[in-house]
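Engineer: For reference, each letter of the sequence shown is one residue, going 43 to 216 in our numbering.
All C-beta atoms in this analysis are idealised placements derived from N, C-alpha and C, irrespective of residue type, glycine included.
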Amino acid sequence: MSLTANHFEVFDIPVSFEIETNTLAQRYRELQRTVHPDKYASAPERERRLAMQKATQINEAFETLKNPLTRGRYLLQLQGVDTNEENDTAMDTEFLMAQMELREELADIKQKSQPIEALETFLSHLKQEQQRLIDTLSQQFAQQNYQSARETVRRFQFFVRLDEEALRLEEELI
43 MSLTANHFEV FDIPVSFEIE TNTLAQRYRE LQRTVHPDKY ASAPERERRL
93 AMQKATQINE AFETLKNPLT RGRYLLQLQG VDTNEENDTA MDTEFLMAQM
143 ELREELADIK QKSQPIEALE TFLSHLKQEQ QRLIDTLSQQ FAQQNYQSAR
193 ETVRRFQFFV RLDEEALRLE EELI
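1. Considering Met133, what are the terminal residues of the alpha helix (DSSP H) in which it resides?
2. Could you tell me whether the region 111 to 122 touches the region 176 to 193, where touching means 3 or more Cβ pairs closer than 8 Å?
3. Tell me which residues share the same chain as Arg90 and place their Cβ nearer than 6 Å to its Cβ, disregarding the 5 neighbours each side in the sequence.
4. Give the range of the alpha helix (DSSP H) segment to which Thr63 is assigned.
5. Whole angstroms are fine: how far does the CA of Leu120 sit from the CA of Thr63?
6. Looking only at C-alpha atoms, which of Thr125, Glu147, Glu72, Glu87 sits nearest to Ile100?
7. If I measure Cβ to Cβ from Leu168 and keep anything under 7 Å in the same chain, skipping five residues before and after, which residues do I get?
8. For a quick check, are the C-beta atoms of Thr98 and Arg196 less than 8 Å apart?
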């Protein structure tokens with residue numbers, strides 16, 4: 043494994059949005075064993091440092107590839123497409139309106155007579171939407187439609203953030 047390998051090469055899997063997560067996890071465990079610090083405890087400094095660099099590379103690759111959002115971003119990066127999520131906030135009006143409505147719905151949950159049940163319904167809706175976006179990304183990457191995938195990744199990011207906010211609300215309510 044080269045330190046310049048892309049994340050897919052690290053795990054010896056095809057460059058694709060669709061990955062077998064069980065295979066990824068299995069390869070991760072195998073690779074972690076090969077560079078475990080205990081194996082290099084008595085090795086020269088250079089070998090210990092190289093093993094640590096490889097372990098870091100393996101961890102970073104695994105964290106990126108196991109998550110559909112970060113995997114999508116990474117695939118776009120490999121294709122030279124910048125999602126520019128921080129600076130490019132322009133989105134179509136319909137999606138912006140939907141965002142506002144969902145944020146209002148989340149804010150109103152505290153006032154509901156059954157806030158936990160309302161939040162569970164809300165979270166279920168978010169999970170369904172995230173799965174729909176994952177399916178869309180899978181198709182877009184398979185068709186090499188990277189500009190559309192870029193927009194889908196940006197939408198997906200919104201739903202991930204909203205999901206995080208909803209989970210924080212759940213902590214407050216419990």
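Structural biologist: Working from what's here:
1. Position 91 of the sequence shown holds residue 133. It is not in any alpha helix (DSSP H) - Met133 carries neither H nor E in the DSSP assignment.
2. Verdict: yes, contact present.
3. Counted from its first residue, the sequence shown places residue 90 at position 48. Cβ-Cβ distances below 6 Å link Arg90 to Tyr82 in the same chain, with the five nearest sequence neighbours on each side left out; the list follows chain order.
4. By one-based count along the sequence shown, residue 63 stands at place 21. Where Thr63 is concerned, the enclosing alpha helix (DSSP H) stretches over 63 to 76.
5. Here the question's residue 63 lines up with position 21 in the sequence shown. Here the question's residue 120 lines up with position 78 in the sequence shown. Straight-line Cα distance between these residues: approximately 20 Å.
6. Numbered from 1 along the sequence shown, position 58 holds the residue referred to as residue 100. Distances from the CA of Ile100 to each of Thr125, Glu147, Glu72, Glu87 were compared; the closest alpha carbon is that of Glu72.
7. For the purposes of this step, residue 168 is taken as the residue at position 126 of the sequence shown. Residues Phe201, Leu204, Asp205, Ala208 of the same chain have their beta carbon placed closer than 7 Å to that of Leu168, with the five preceding and five following residues left out of the count.
8. As a working mapping, residue 98 is identified with position 56 in the sequence shown. As a working mapping, residue 196 is identified with position 154 in the sequence shown. No, these two residues do not count as a Cβ contact at 8 Å.
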